Amino acid sequence: MAKSKTTYFCQSCGFEAPKWQGKCPSCGEWNTFVEEVVEKTNTAVPE
Numbered sequence: 000m001a002k003s004k005t006t007y008f009c010q011s012c013g014f015e016a017p018k019w020q021g022k023c024p025s026c027g028e029w030n031t032f033v034e035e036v037v038e039k040t041n042t043a044v045p046e
């Protein structure tokens, strides 16, 4: 079964962070993070 987690992406450079940040540590832009729910799928092959 897929698990979902919330991730934040910088709209300017695409930097990914687990928590919202006011300033992107990668490009230095302010207030560019948007929240996205990412589904993690189990890629293990059943035996």
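Letter 22 of the sequence shown, counting from 1, is numbered 21 in numbering that gives the first Met the number 0, and no numbers are missing. Glycine included, each C-beta is placed from N, C-alpha and C at the ideal position. Quantities reported herein were computed from a predicted structural model and do not represent experimental measurements.
Proximity winner among the options, relative to residue i (alpha-carbon distances)
i: W29; options: E35, W19, T40; result: W19
i: S11; options: C26, K2, T40, K39; result: C26
i: C9; options: K2, T31, K39; result: T31
Cβ pair residue i, residue j closer than 9 Å
i: V33; j: K4; result: no
i: T6; j: P17; result: yes
Beta-bridge partners of residue i, as assigned by DSSP
i: C9; result: F32
i: K2; result: K39
i: K22; result: W29
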